[in-house]
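Numbering (the numbering used here), first residue to last: 446 to 774.
Working notes for the structure below.
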Amino acid sequence: MGTTIEAVSTSRPRKRLTGTGAIKLADDAAKACLERAGCAAADIDLLINAGVYRDNNIGEPAVASLIQEDIGANPDPPLRGGHGTFSFDVRNGACGVLTGMHVLDGFLNSGAIKLGLVVTADADPSLGTHWDFPFGLVGGAGRLSRSHADFPFAPVGGAVLLSHTADADKGFRRFAFSTFPEFMHLLEGKVHWREGALPRALTDRVPGLEAGTNELQVVEREGYAERCAECAAGSTWAFLEAAGLAPLDIDLLIPSPTPFGFPDLYAQAVGIPADRVARVDESFGRVHTAGPVAAMEGVMRTGHFNDARNVLFVTVGSGITVGLALYHP
């Protein structure tokens, strides 16, 4: 018995000039994923959101609950004996999607749920703002957020639908996560308050809005990609040994596309041929948390995913955090 991937989908802004917020991107990816699988939103038992960079850096309520309501996944509490949907956020950076799948794997294998959905999206926090949103923003109610200079990641959403299978030869076989805090300084993101005037149109529309912004700054220092590859390679050798596999037994590698250069550095360090690496189409740009979803969608479209015997997922993020998973299609 195991957890299988029913469908995956990605989303991108439809209006390139004005941009799209993370919540809308996650909504679109979730709806497309459900449509691809032929499932209704009401069938979802558990929804997990793994996005990092959110509309106006919203901290509360959980963004997963907003997405749940938007897609119609039983937004109201169920009647006694009825079917409901539970939702929450996980925050593990670029490893968030894999973390979400790991959590769902536990629920599915225990029999607690039958269908789970992981959604994610990242976008410039200053885009997609809902001015009628009734809750306070990070840093206090009535504060506006924006990114520092150019936001470093492309606005992309992703969704993965998981279910349980009775076939013992299919699905996820194992997960592993490790952290290397000695390198945590190589990638840092922070939000700080910057005083400044706001347009009259905003202050008139949102009473009590403070004059200034919560400003997001992301700093990636030299050597981050190389350290990520080293940490991930060390974790992988132990992971594969525990599974009784060698690097050449991996038919398909689905890695984090960021940091830049990581997939090739990692594959070379571990000894996995470059032609077995799933790539994110260049048209996506620099994808963050939805990267593994975009890579998976591409190889599913070509048939390489289902043709593989052993699929290895590897994700890396700040920390440095490494996530690994072995999957049998």
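Idealized CB from N, CA, C, for every residue including glycine.
Remember, predicted model here, so these are calculated numbers, not experimental data.
Let's see if you can read the secondary structure: which residues bound the beta strand (DSSP E) around residue i?
i	result
Gly602	601-610
Asn494	491-494
Cys566	Before going further, note that residue 566 is Ala rather than Cys in the sequence given. That run of the beta strand (DSSP E) goes 560-567.
Val761	756-762
Glu451	447-456
Asp521	Counting along the chain, Asp521 falls outside any beta strand (DSSP E), and DSSP gives it neither H nor E.
Leu693	First-last for Leu693: undefined, no H or E at that position.
Gly534	Rather than Gly, the amino acid found at residue 534 in this sequence is Asp. Where Asp534 is concerned, the enclosing beta strand (DSSP E) stretches over 531-534.
Could you please give me the residues that DSSP links to residue i through a beta bridge?
i	result
Lys635	Gln662
Phe402	Because the chain spans 446 through 774 in this model, residue 402 falls outside it and cannot be assessed.
Ser623	Val767
Glu505	DSSP, once it has assigned bridges, lists no residue as partnering Glu505.
Ile468	Looking at the DSSP assignment, Ile468 forms no beta bridge with any residue, so it has no partner.
Pro700	Val759
Trp722	Per the sequence shown, the amino acid found at residue 722 is Val instead of Trp. Partner(s): Leu698.
Roughly how far, in whole angstroms, is the beta-carbon of residue i from the beta-carbon of residue j, given that I think they are within contact range, below 8 Å?
i	j	result
Ser701	Val759	7 Å
Ala471	Thr565	7 Å
Ala507	Phe533	5 Å
Gly541	Val497	7 Å
Ile717	Ile695	5 Å
Leu769	Ala621	5 Å
Leu697	Arg721	6 Å
Ile765	Arg672	6 Å
Leu553	Ile493	Contact flag wrong, Cβ pair sits at about 12 Å.
May I ask which residues mark the beginning and end of the alpha helix (DSSP H) holding residue i?
i	result
Asn751	749-752
Tyr669	669-688
Phe729	Where Phe729 is concerned, there is no enclosing alpha helix (DSSP H), given that its DSSP letter is neither H nor E.
Thr544	541-555
Phe780	Outside the displayed range of the chain (446 to 774) lies residue 780, so it cannot be described from this structure.
Asp515	508-516
Report all residues from its chain with a CB closer than 6 Å to the CB of residue i; omit the five preceding and five following residues, and keep chain order.
i	result
Glu451	Ala482, Leu606, Ser608
Thr681	Val715
Gly517	Ala486
Ile489	Ala518, Thr530, Leu560, Leu562
Val744	Ala723, Phe750
Asn537	Thr544
Tyr772	Phe617, Val756
Val767	Ser623, Cys676, Ala677, Ser680, Val761
Asp515	Asp472
Val453	Val605, Val738, Met741, Glu742
Val663	Pro597, Gly634
Val732	Ala599, Val601, Pro702, Val725, Ala739
Gly603	Thr455, Ala474, Thr565, Ala735, Val738
Lys476	Ile516
In chain order, what residues of the same chain have a beta carbon less than 7 Å from the beta carbon of residue i, not counting five sequence neighbours either side?
i	result
Leu511	Ile468
Ala670	Pro704, Phe705, Gly706, Phe707, Leu710
Ala674	Phe707, Leu710, Tyr711, Ala714
Asp752	none
Phe684	Ala621, Leu769
Report whether the distance from the Cβ of residue i to the nearest heavy atom of the ligand HEM is below 6 Å.
i	result
Met745	Summarising the ligand content, the structure contains no ligands, and the ligand HEM is consequently not present.
Quiz item: Would you call the stretch 620-630 and the stretch 491-504 in contact, with 3 or more CB pairs under 8 Å?
Solution: At 8 Å Cβ cutoff, the stretches do not touch.
Quiz item: If we count Cβ pairs, one from each stretch, closer than 8 Å, do we get three or more for the stretch 507-527 versus the stretch 538-550?
Solution: In this structure the stretch 507-527 does not touch the stretch 538-550; the number of beta carbon pairs closer than 8 Å is below three.
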